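Asks: Residues are numbered in the numbering used here as their position in the sequence shown, beginning at 1, plus a constant of 1352. This structure is in structure tokens; I'll ask about it shortly.
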Amino acid sequence: MKAGRLKFAPREPECWSELRAMRTTMLLLDYDMPRLNGIELLQQMRALAHGREIPVIVLSGAAVKAPVMRAGANAFLRKPQDISIIAETISELLRIR
1353 MKAGRLKFAP
1363 REPECWSELR
1373 AMRTTMLLLD
1383 YDMPRLNGIE
1393 LLQQMRALAH
1403 GREIPVIVLS
1413 GAAVKAPVMR
1423 AGANAFLRKP
1433 QDISIIAETI
1443 SELLRIR
């Protein structure tokens, strides 16, 4: 996998700042966030024109795969997850893109 830049956005406002600036190639989204859950943020992101094109992997310890995928995620991974599986999923989505 080619090395890339990782930006950590621990709260929703920082995530929106990155998305609006269109500096995002891929999003690894935690389902359990402080204000919005991952599905709510994903639905709002997919409503943006450029937000529809960004591959999104949602991670959660809960069994929420079906609603996450319906909301527009490209992949769902259950936490905890082996880093090699995360890297493989990222590589696969970047190849498709």
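Using N, Cα and C, we set each Cβ at its ideal position, and we do this for glycine too. Keep in mind the model is a prediction, meaning the values are calculated, not measured.
Whole beta strand (DSSP E) runs in the stretch 1366 to 1439 with 3 or more residues, listed along the chain?
Replies: Taking only runs of at least 3 residues, the beta strand (DSSP E) segments lying wholly in the stretch 1366 to 1439 are 1379 to 1382, 1408 to 1412, 1427 to 1430.
Asks: What is the DSSP secondary structure of M1353, counted as helix, strand or coil?
Replies: Here the model assigns M1353 a pLDDT of 49, short of 50, so the residue's position is not dependable, and the following value carries that caveat. M1353: coil per DSSP, three-state reduction.
Asks: Tell whether a beta-carbon distance below 9 Å holds between A1425 and I1409.
Replies: Yes, they are a contact pair.
Asks: Starting from the C-beta of G1390, find all residues in its chain whose C-beta is less than 6 Å away, skip the five residues before and the five after it, and write them out in chain order.
Replies: Answer for G1390: L1381, Y1383, V1410, listed in chain order.
Asks: Thinking C-alpha only, which one of Q1433, M1385, R1387, M1378 is nearest R1398?
Replies: The residue with the shortest Cα to Cα distance from R1398 is M1378.
Asks: Find out if the Cβ-Cβ distance for the pair K1359, R1375 is shorter than 9 Å.
Replies: Taking 9 Å as the Cβ cut-off, K1359 and R1375 qualify as a contacting pair.
Asks: Among A1414, Q1433, F1428, which has the Cα closest to the Cα of L1445?
Replies: The candidate whose alpha carbon is nearest that of L1445 is F1428.
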